[in-house]
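Below is one structure, written out as structure tokens; the observations come after it.
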Amino acid sequence: MKQLKHLLIVVVVPALILTVFAVSSVMASGPMGKSTICHSAGAKYVEISVNDHALPAHMNHGDVMTDEYGDCP
Numbered sequence: 043m044k045q046l047k048h049l050l051i052v053v054v055v056p057a058l059i060l061t062v063f064a065v066s067s068v069m070a071s072g073p074m075g076k077s078t079i080c081h082s083a084g085a086k087y088v089e090i091s092v093n094d095h096a097l098p099a100h101m102n103h104g105d106v107m108t109d110e111y112g113d114c115p
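Quick note: the sequence shown uses the numbering used here, first residue 43, plus one each step.
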């Protein structure tokens, strides 16, 4: 019985915690198949979400990816 309790504490609890973090991370990243970018709008950038298939075209005309904090320049 002690071994089962130890197994729960060492294996199951950390696995549940990692699962919660993974799910929340995926949910925060936005819809699947979309990327958040900084769209060049003249003198400033505007944050927009675009389909991943359209990403190369946006990058080719001056749009940039958000920084590591999710912000635009």
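The beta carbon of each residue, even a glycine, is placed where N, CA and C say it ideally should be. Keep in mind the model is a prediction, meaning the values are calculated, not measured.
query	result
Member of Lys86, Ala83, Ser82, Ser91 whose CA lies at the smallest distance from the CA of Gly75	Ser91
Residue closest to Thr108, alpha-carbon to alpha-carbon, out of His95, Asn102, Tyr87	Tyr87
For His81, the residue or residues it bridges with in DSSP	Val88
Nearest neighbour of Tyr38, chosen from Thr78, Ala85, Leu46 [CA to CA]	Since the first residue of the chain shown is 43 and the last is 115, residue 38 is not available in this structure.
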